[in-house]
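Residue numbers (our numbering): 3 to 280.
Just so it is clear, CB atoms sit at the ideal spot from N, CA and C, and this is done for glycine as well.
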DNA sequence: AAAGACACCTGTCCGC
DNA sequence: TGCGGACAGGTGTCTT
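Here it is, written out as structure tokens:
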């Protein structure tokens, strides 16, 4: 479920409900996520949420802690893994199966974390979250100026992995998940099997453009579902209509009509059109 | 430093 | 209808 656009959509969805509000209680029904939810997470209780930010697919809830003298902060780090979602609910609404955590705020609303597979995470840090072990070595944000041709191309030199695995590497750039990797390569006309280090600068130029275009389009699409974010259940389905290759094995290419292929790269499925991509 | 395999866990879908 | 197996939007960790 969560690729970067959905994480960003989630961020925008919860922000107005929690920013500036005080956390009443953190209810942990199931602490065994990817890592055990630390007991220190309860430091959020009584604190106010000052910002809801995102770095890669990590959401950061920065909290102002109520210590006597000095102003201290702490940050909840949330990752949605493969199957996680955050929804705004009335705190009184009974949790369903896999609703593992509620962060209840002073308006009676709660952020509810649901995650059937439990690959997600909820962590707590009182240091700079960007220096956290999980965040400090992440590559640039894909939509920022730091993700540019010079950087992208230089990073690729000497790499023997496929270009698809290369763009999915979070140390190279964050936020390019399996769907967008496939879709960006299709739009750029580049075979996913191409060797990263042997691909021309010109191709990287095109790929860079397409990654940015696909991600920003998807964020915009996500934006249209923001309206019903609160009551929405399950997948918004906003961007399925724009998928050219992902999940379309054996179906005709929407551009040229030839059969979409499915292969495995790095234990992940790759979909591509061998006629349109070289 | 880089690459590849594996791990975590549950739900769903497909073939028999 | 039931069962086994493959597969799923992610990424840290361990080994080579």
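Could you check the C-alpha separation between residue 161 and residue 212 for me, to the nearest Å?
Counting from 1 along the first chain, the entry for residue 161 is found at position 159. Counting from 1 along the first chain, the entry for residue 212 is found at position 210. When only Cα atoms are considered, residue 161 and residue 212 end up about 21 Å apart.
Inspect the beta-carbon positions of residue 82 and residue 75 and report whether they are closer than 8 Å.
Locating residue 82 in the first chain gives position 80, where the first residue counts as 1. Locating residue 75 in the first chain gives position 73, where the first residue counts as 1. No, they are not a contact pair.
Pull up the DSSP beta-bridge partners for residue 108, would you.
Taking the first residue of the first chain as position 1, residue 108 is located at position 106. DSSP, once it has assigned bridges, lists no residue as partnering residue 108.
Exposed or buried, residue 280, counting other C-beta atoms within 10 Å across all chains shown (16 or more means buried)?
In the first chain, counting from the first residue as 1, residue 280 sits at position 278. By the Cβ-count criterion, residue 280 is exposed, with fewer than 16 other Cβ atoms from all chains shown falling within 10 Å of its own Cβ.
When you compare only the Cα positions, how much space is there between residue 195 and residue 164?
One-based indexing of the first chain puts residue 195 at position 193. One-based indexing of the first chain puts residue 164 at position 162. Near 5 Å, if we compare the C-alpha coordinates of residue 164 and residue 195.
C-alpha distance - residue 54 paired with residue 249, whole-angstrom precision:
Taking the first chain and counting its residues from 1, the one referred to as residue 54 is at position 52. Taking the first chain and counting its residues from 1, the one referred to as residue 249 is at position 247. Distance between the alpha carbons of residue 54 and residue 249 is about 32 Å.
Backbone secondary structure at residue 165 - three-state DSSP:
For the purposes of this step, residue 165 is taken as the residue at position 163 of the first chain. Assigned with DSSP and collapsed to three states, residue 165 falls in helix.
Does the distance from the CB of residue 36 to the CB of residue 120 come in under 8 Å?
Position 34 of the first chain, counted from the first residue, corresponds to residue 36. Position 118 of the first chain, counted from the first residue, corresponds to residue 120. A contact, by the Cβ cut-off of 8 Å.
Here's a check: name, in chain order, each residue in its chain whose Cβ is nearer than 6 Å to the Cβ of residue 198, leaving out the five neighbours to either side.
Here residue 198 corresponds to residue number 196 of the first chain, with the count starting at 1. Excluding its 5 nearest sequence neighbours in each direction, residue 198 has C-beta neighbours in its own chain below 6 Å: 158, 161, 163, 165, 168, listed in chain order.
Let me know if residue 108 comes out buried or exposed under the rule of 16 or more other beta-carbons within 10 Å of its beta-carbon.
For this step, residue 108 is matched to residue 106 along the first chain. An exposed status is given to residue 108, since fewer than 16 other beta-carbon atoms sit within 10 Å of its beta-carbon.
Less than 7 Å between C-beta atoms, sequence neighbours within five positions excluded: which residues of the same chain meet that for residue 270?
Working through the first chain from its first residue, we reach residue 270 at position 268. Closer than 7 Å at Cβ, skipping near neighbours: 180.
Is residue 102 helix, strand or coil by DSSP?
For the purposes of this step, residue 102 is taken as the residue at position 100 of the first chain. Three-state result, residue 102: strand.
For residue 86, tell me which candidate among 220, 45, 115 has the shortest Cα-Cα distance.
On the first chain, residue 86 is found 84 positions in, with the first residue counted as 1. Residue nearest to residue 86 within the set 220, 45, 115 is 115 (criterion: CA-CA distance).
Taking DSSP as the reference, what is the three-state secondary structure of residue 289?
Outside the modelled stretch of the chain, which goes from 3 to 280, sits residue 289, for which no answer is possible.
Would you mind stating whether residue 191 and residue 255 have Cβ atoms separated by less than 8 Å?
Here residue 191 refers to the residue found at position 189 of the first chain. Here residue 255 refers to the residue found at position 253 of the first chain. Cβ distance not < 8 Å, so residue 191 and residue 255 don't count as in contact.
Selected residue, minimal CA-CA separation from residue 117, among 101, 111, 221, 186
Locating residue 117 in the first chain gives position 115, where the first residue counts as 1. Measuring from the Cα of residue 117, the nearest candidate turns out to be 101.
For residue 15, count neighbouring C-beta atoms within 10 Å of its own C-beta (all shown protein chains included) and say buried if the count is 16 or more, exposed if not.
Within the first chain, residue 15 is the residue found at index 13, counting from 1. Residue 15 should be labelled buried.
Out of 252, 261, 43, 9, state which residue places its alpha-carbon closest to the alpha-carbon of residue 106.
To locate residue 106, count along the first chain from 1; it is residue 104. Taking the Cα of residue 106 as reference, the smallest distance to any Cα among 252, 261, 43, 9 is reached at 43.
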